[in-house]
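Written below as structure tokens is the structure these notes are about.
Chains as they are written, first to last, in my numbering: chain A, 1 to 179; chain B, 180 to 727; chain C, 728 to 1375.
The following block contains the structure:
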């Protein structure tokens, strides 16, 4: 067992624990912390894939900025505990579990059918070159210029949407205007 | 590959849409702060007219650029006017530039052009519909979101690369989430927005998973073949790699399945349709019309381009009922035939007992997705000619579908404005309360039901024909049977309009611009039915694209 | 002038537009009513005149040139599929056009009187004009697609006109029933069109020049292709058999044959002139026209089936007509029965006789319906014959014309019905004996029920005195007189000696004149008179006292269940309601409850008792929870992936 494989297994287990924990816990803060764990594990996966830049981005953007925002919102609103409503669709949970199991078995089956999925070894230099921040930047502004621009537009409409949805309703007359 | 100056006219409609969105957003600044109803109406109309004018102009510019109506001859005299037209048309689908997508990401061929025209026209008609409505809160933002979403749909129609595809879908969806939940005081609307958002987020996840599998396959193939390139997300490139790698693997098929599922939610294919009845019912009616038409058109075009340019290897027969032999499953044509079957059955049967008109039409719209899929199934035909018939029928169906659905939702909207309800019962006796509106409604509903000579009939006929030629006879028969069933619920609408007496005889007014929008749609429904050649000649251009 | 035939359908269409858009906006209700009637009549009458001119001009052409194609524009040009928006005029179309516009004009005139005072009369005339337009498209189309436009269009107008009196509860459900049942046939026609296109590469009937290029027609080239054999898994069929079988299903829908005839009797809920025009003279004969038009494609296999369907329909409907009390339902079943004769004739390959009977029946059945309308009008909307009686003195014109019509229907010499029916029955004798027996029996029944009807309506004493019977106005009885006169002379179209119709239709049908069997003619007339007299005698003399309002028929005593079976038209409707409808409802209910909670209320209230557990609300997937939808989505993905693995 190589070092990489060992690292991968450990990280994978951590990432899965984070994901499952996030869904299972009722306390919102706990969930958020488990999500953080998941983000960390994923960033390590990037590192294992020879992408230090993505590793850094994942840490700063997700684990840093977004998580902090989540925690702020949760704590400001005092929404640590989600409402404990009785589950009307308990049966579905089991069905979902069964389906997940089936999907897992299917994935394994597909792997068996397809045979070895091991990617051919790549020169370390090439990989490093591909994940180099400079290369990524150049790509973004040349090949992926159009998608990059569109990201900006998406942000714009996103902001407009947020503004609209969060404006206080002025009068009762507004109710159902276009409707 | 670099972005060149000559690429600017090629994406001119998109650039103009962005400019228009910003203009509409900014124009609010110049309006008085609206405190009275009159001022609010004025503010609403200012934004609406700006949006409508802008969309109308962009539609005209796109039409000129397309060269479908008028193509500047090569030996035309050189003057100011012809220079403009020539420059525009150089970015159009007929110029040789259009053979390669911009940066490999955005194709500007005929398919895109048709998609653009339909989508922008749908947005234009939607905006016209809302002009006379009771004023919206934040009209500037409302129309900005509509235009932003339109921009996203145009990009979807032309997208030829995975990342672009994802971003275009998001750009289309995010404004629609907000628009569906635009009335926060209305529980149904808020719920619709929320559901749409949650379901959309999940589908995006599925879509991305499919993309990563596809990309993973392409990258592996590329590395194996010793080529390093940064264009592994382009549809064309993936197709080449798949072709060079020989036998497509299960992994690639799996990626394709997830891609279909991810886009399938946007085109409301069973079993990915769950959100649509709730969202259609809850969203403001013009937005429902917009979601049901423009967004579906863009998604179908995207699905078509994705499947035919990326996975032409993964096609085969259209018979999927019983996988007797190992080789029965033959790629996406079989899968889509299966999905079309499910969609036809579920959509048409679940529509039967509905009591809410919007919900009924939501199921009808699901059912139409089934008919549309038959056009794609025709790709399994062995002859190129029959495949082309499939594409042409699909595109014709999309156009017809758009106008008739805009119309039928538009009529509901007019009634809704007056009665504040969209149950079927409010349509009772519409013929006595507003005969003109009832006649328009009848035209749209009969077109939906596929009665000649309206465009809906020829659309169905052509799709059936294409599927039949492609060997999907069983699907055509299912289609015919469900068409008969569908008649029953369409007639329920008409029975309410013409036969059931109303509670009150008070006339329902049709404001001017709503009427204009409806009459335009009705004219298109009739004219496209009587003279389908008008657009069939245009659609024929697409076949060159599709064959590649 | 023949290239101007497109004016024929255009004129009624203009009438429709005027009535739909303009007339409703001018003047008071009275002016509107008058102008709507005048516009409608003028439009159809003008079309009739044009049709007559075209007919005469066609006759002036040499026989082999009597086929005019006028392509207005290329309707569809999509790859192989090239279909013109084109009309044609040939001998067959010519006679059909004359029937439609001629009888149409008379019925329009009659409607002015009949619909007087109705509040929505403008709309009525608009629908009627639209119907004429569509019917003309149907008979004048030079390709299947345009024919189908007319085919659907007449169905649409029929739907609108059956449901015209929406205040009557039966009207709206009858309208929907008619449309839905017809749509089953229409689906088969669509399939037939696809098969035709696949096999022939065209939907045009005849070879023609289109946009400067020669295009072929499938009727003209049917001979060789229709006999080719294709293999449907498990069985070999001739192409012609498949196509003609599909067409036959369409015919059974539109022309009300077994098993799809159930809509026609219910369709009598519409105004009586509509029953006369659409449900007797024109629309329901479209199926017979379709068979005649495409006859080269019919193979012997299908023709046998056609014959049997026609003959059995003739018998079943005739027995049903005997056991009705409603004056219009008698005529409705009689129409179904007579359509059976035409279909049987077409099946036996005597298309000229079928068309001959179509024409004469169009005239005398229109007469009978209009007569019954006059009776209904004069007795203040009474339709139950038990409430009538003794009307021959109060309504002399109606009585005399009705008598002529009834005699014609019964097949009494020398009226129109005798000649046309005799051709069919006479041919059956040389064709198949069982068919002959069935048809002969049906014609005896026909005479019997007409005698019964005459006796009940016009003889005896008035049994219900809640109304004062009076004769209708001239605007109503003049059309009756004209139609009665036509009934007397229409047999002259194809008299045994002259065979004018056979000769005229020769370019289309290529059929020799039938031999007239004098013995059969005499026997048939005597039998008809005998049976008719029997019916009259029993109900007007023998049992006159036993007929009371709401009483059972005297024959019921002797026949009991058999009588009920006849009255219910051998329970076709009941069987459908017991088998197909619940199945359909439970399937719909299942989908609605699995996929939609909102449907449940509608299901319980509207459809009711579909599935016991549907109302319990096992709302599983469509319950409004996003995660349920997500689960369905997920399930879909898992199933598809599983399918993929299994298939690989």
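Cβ atoms here follow ideal geometry from the backbone N, Cα and C, with glycine treated the same way.
None of the values given here were measured: they were computed from a predicted structure.
(request) Report the residues of the region 200 to 234 of chain B with a CB closer than 7 Å to any CB of chain C, ordered along the chain. (result) none
(request) Give the C-beta separation of residue 968 of chain C and residue 1026 of chain C to the nearest angstrom, bearing in mind that I take them to be a contact with Cβ-Cβ under 8 Å. (result) 5 Å
(request) Tell me whether residue 67 of chain A sits in a helix, a strand or coil according to DSSP, three-state version. (result) helix
(request) Name the one or two DSSP bridge partners that residue 1111 of chain C has. (result) C:1053
(request) In angstroms with no decimal places, state the Cα-to-Cα distance between residue 220 of chain B and residue 315 of chain B. (result) 8 Å
(message) Please list the terminal residues of the continuous beta strand (DSSP E) segment that includes residue 804 of chain C.
(response) 795 to 805
(message) In the DSSP output, which residue or residues are listed as bridge partners for residue 811 of chain C?
(response) C:801
(message) Would you say residue 77 of chain A lies against chain B (beta-carbon separation less than 7 Å)?
(response) no
(message) Looking at the strands, I want to know which residues DSSP matches up with residue 964 of chain C.
(response) C:957
(request) Tell me, please, whether the CB atom of residue 695 of chain B is closer than 7 Å to any CB atom in chain A? (result) no
(message) Measuring straight from C-alpha to C-alpha, what distance separates residue 739 of chain C and residue 488 of chain B?
(response) 51 Å
(message) Rounded to the nearest angstrom, what separates residue 807 of chain C and residue 955 of chain C at their Cα positions?
(response) 22 Å
(request) Anything in the region 774 to 804 of chain C with a Cβ closer than 8 Å to a Cβ of chain B? List those residues in chain order, please. (result) 800, 801, 802, 803, 804
(message) For chain F, check one thing: does any of its Cβ atoms lie closer than 7 Å to the Cβ of residue 160 of chain A?
(response) Judged by its chain identifiers, the structure shown contains no chain F, and its protein chains are A, B and C.
(message) Let me confirm a value: residue 368 of chain B is counted as buried when at least 16 other C-beta atoms fall within 10 Å, else exposed. Which label applies?
(response) buried
(message) What would DSSP say about residue 868 of chain C, mapped onto helix, strand or coil?
(response) strand
(request) Express the C-alpha separation of residue 1284 of chain C and residue 1278 of chain C in angstroms, rounding to a whole number. (result) 12 Å
(request) Please confirm if the region 690 to 710 of chain B is in contact with the region 302 to 315 of chain B, defined as three or more CB-CB distances below 8 Å between the two stretches. (result) yes
(request) Would you mind reading off the limits of the beta strand (DSSP E) that contains residue 783 of chain C? (result) Not the beta strand (DSSP E): residue 783 of chain C falls in the alpha helix (DSSP H), residues 756 to 787.
(message) Assuming contact is defined by CB atoms lying nearer than 7 Å, are residue 147 of chain A and residue 346 of chain B in contact in what I supplied?
(response) yes
(request) With 7 Å as the threshold, decide whether the Cβ of residue 1361 of chain C is near any Cβ in chain A. (result) yes
(request) Identify every run of the alpha helix (DSSP H) within the region 973 to 1038 of chain C, keeping only runs that are complete inside it and at least 4 residues long; order them along the chain. (result) 990 to 993, 999 to 1003, 1013 to 1020
(request) Could you check if residue 107 of chain A is buried or exposed, using at least 16 other CB atoms within 10 Å of its CB as the buried criterion? (result) exposed
(request) Grab the span of the beta strand (DSSP E) containing residue 941 of chain C for me, first residue to last. (result) 940 to 942
(request) Can you give me the start and stop residues for the beta strand (DSSP E) that residue 936 of chain C sits inside? (result) 935 to 937
(request) Spatial neighbours of residue 1172 of chain C within its chain, please: CB distance less than 7 Å, with the 5 preceding and 5 following residues excluded, ordered by chain position. (result) 1045, 1046, 1049
(message) Does the region 605 to 622 of chain B come into contact with the region 671 to 690 of chain B, if we say contact requires no fewer than three beta-carbon pairs (one atom in each stretch) closer than 8 Å?
(response) yes
(request) Identify the contact partners of residue 285 of chain B in chain A, using a Cβ-Cβ distance below 8 Å as the criterion. (result) 146
(message) If you follow the alpha helix (DSSP H) that residue 630 of chain B is in, where does it begin and where does it stop?
(response) Careful: residue 630 of chain B lies outside any alpha helix (DSSP H) and carries neither H nor E.
(message) At a CB distance below 8 Å, what residues from the region 633 to 653 of chain B approach chain C? Give them in sequence order.
(response) 636, 637, 640, 641, 643, 644, 647, 648
(request) Kindly provide the ranges of any alpha helix (DSSP H) runs that are 4 or more residues long and lie completely inside the region 591 to 661 of chain B, ordered along the chain. (result) 609 to 612, 614 to 628, 634 to 648
(request) Confirm, please, whether the CB-CB distance from residue 290 of chain B to residue 721 of chain B is below 7 Å. (result) yes
(request) To the nearest angstrom, report how far apart residue 977 of chain C and residue 983 of chain C are at their CA atoms. (result) 10 Å
(request) Indicate whether at least one CB of chain C lies closer than 7 Å to the CB of residue 622 of chain B. (result) no
(request) Measure the alpha-carbon distance for residue 247 of chain B versus residue 717 of chain B and round it to whole angstroms. (result) 7 Å
(request) Using the Cα positions of residue 276 of chain B and residue 812 of chain C, report the straight-line distance between them to the nearest angstrom. (result) 38 Å
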